[in-house]
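In terms of the working numbering, the sequence shown is residues 1346 to 1597. Positions of the beta carbon are idealized from the N, C-alpha and C atoms, including for glycine.
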Amino acid sequence: MNSRQQIILQMVIDQGRVSVASLAKTTGVSEVTIRQDLNLLEKNNYLRRTHGFAVPLDSDDVETRMMNNYTLKLQLAQYAASLVSDGETVFIENGSSNALLARTLAEQKKVTLITVSSYIAHLLKDTDCEVILVGGIYQKKSESMVGPLTRQFIQQLHFSKAFIGIDGFLPETGFTGRDMLRTDVVNSVLEKGSEAIVLTDSSKFGNVHPYTLGPISRFNRVITDAAISQETLEQLKAVHLQVDIVDPYATV
1346 MNSRQQIILQ MVIDQGRVSV ASLAKTTGVS EVTIRQDLNL LEKNNYLRRT HGFAVPLDSD
1406 DVETRMMNNY TLKLQLAQYA ASLVSDGETV FIENGSSNAL LARTLAEQKK VTLITVSSYI
1466 AHLLKDTDCE VILVGGIYQK KSESMVGPLT RQFIQQLHFS KAFIGIDGFL PETGFTGRDM
1526 LRTDVVNSVL EKGSEAIVLT DSSKFGNVHP YTLGPISRFN RVITDAAISQ ETLEQLKAVH
1586 LQVDIVDPYA TV
């Protein structure tokens, strides 16, 4: 996806329904070029075309969430990918930023990816990346594997890094998740003792959800954006976490 297509996608997400003429005027290219861009974006399930307009996808699945704040999440994913070397085996949990990370790694590196996300596995089906999809109970809404079988699978696998998504963080609770079964999967990953990296945009900080991810001492690093508050940044550093800030306005 090039920079013009990212602009198109963000306009569609922000405005809900955008005409081909408006997109052409904003981006400074012809309507023919815009239609070609829209065909490609629709083919890759980023948006939906109607006569003379582009509209967002109607679903609330991982693909749609990935498109919310797409440019920022892509920057986070690209930074995270820079921490992975060719030949590594890494675990990637579910979530929109992690899905972008998986795709970026598949495009840029020769790695083996372990995931519980059937969405991520499908996303990489046409790449040369080796993918290990962990089995278990299929959670349809999140397109993720959960449950005791998933925990057993993870116990038999080895990886150098694990990229984890979170739903909330407060200093008194640590990292938290909203789904009990997915949280249990993350905690089984943390028990492996590999480098555990939180990959999240800053909107998750300050929220709290019922289920604890951790203890927090099992995490090593946080990758987030520059909108994180100074107070939260100090709270993370106080528990000895390395925090990498990605500037959302920097050129990727």
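When DSSP labels each residue in this structure, what does residue i get in the three-state scheme?
| i | result |
| --- | --- |
| Phe1520 | strand |
| Leu1392 | coil |
| Ile1437 | strand |
| Val1357 | helix |
| Leu1515 | strand |
| Val1400 | strand |
| Val1377 | helix |
| Ser1364 | strand |
| Ser1348 | helix |
| Asn1609 | Within the shown structure, residues of the chain are numbered from 1346 to 1597, placing residue 1609 beyond reach of any answer. |
| Gln1420 | helix |
| Asp1529 | helix |
| Ser1427 | helix |
| Thr1472 | coil |
Our contact map puts residue i next to residue j with C-beta atoms below 8 Å; I'd like the distance itself, whole angstroms only.
| i | j | result |
| --- | --- | --- |
| Ala1422 | Lys1454 | About 12 Å; that fails the 8 Å criterion. |
| Val1588 | Leu1581 | 5 Å |
| Pro1401 | Val1365 | The pair is not a contact, with the Cβ atoms about 16 Å apart (cut-off 8 Å). |
| Val1479 | Leu1469 | Actually they are not in contact, since the Cβ atoms of Val1479 and Leu1469 sit about 14 Å apart, beyond 8 Å. |
| Arg1527 | His1554 | Actually they are not in contact, since the Cβ atoms of Arg1527 and His1554 sit about 11 Å apart, beyond 8 Å. |
| Val1531 | Glu1438 | 6 Å |
| Leu1385 | Leu1354 | Incorrect: roughly 11 Å between the Cβ atoms, too far for contact. |
| Thr1577 | Gly1519 | So it is not a contact: roughly 13 Å between Cβ atoms. |
Look at the alpha carbon of residue i and the alpha carbon of residue j, and state the distance between them as a whole number of angstroms.
| i | j | result |
| --- | --- | --- |
| Gln1501 | Gln1484 | 21 Å |
| Thr1372 | Ser1442 | 26 Å |
| Val1584 | Asp1570 | 19 Å |
| Gln1497 | Gln1351 | 40 Å |
| His1467 | Leu1419 | 19 Å |
| Ile1568 | Leu1544 | 5 Å |
| Ser1311 | Leu1494 | Absent from the structure is residue 1311, since the part of the chain shown begins at 1346 and ends at 1597. |
**OP:** For the region 1533-1541 and the region 1501-1508, state whether three or more C-beta atom pairs, one from each stretch, are separated by less than 8 Å.
**Re:** yes
Subject >> Runs of beta strand (DSSP E) lying entirely within the region 1532-1596, each at least 3 residues, in chain order >> reply: 1540-1544, 1556-1558, 1566-1570, 1587-1591
Subject >> 3-residue-minimum beta strand (DSSP E) runs that sit fully inside the region 1439-1469, ordered along the chain >> reply: 1457-1460
Original post:
Unbroken alpha helix (DSSP H) runs of length 4 or more, entirely within the region 1475-1510: which are they?
Top reply: 1493-1500
**OP:** State whether the region 1429-1446 contacts the region 1459-1477, with contact taken as three or more CB pairs (one from each stretch) at a distance under 8 Å.
**Re:** yes
Subject >> Segment contact flag, the region 1512-1522 with the region 1551-1567, C-beta cutoff 8 Å, min 3 pairs >> reply: yes
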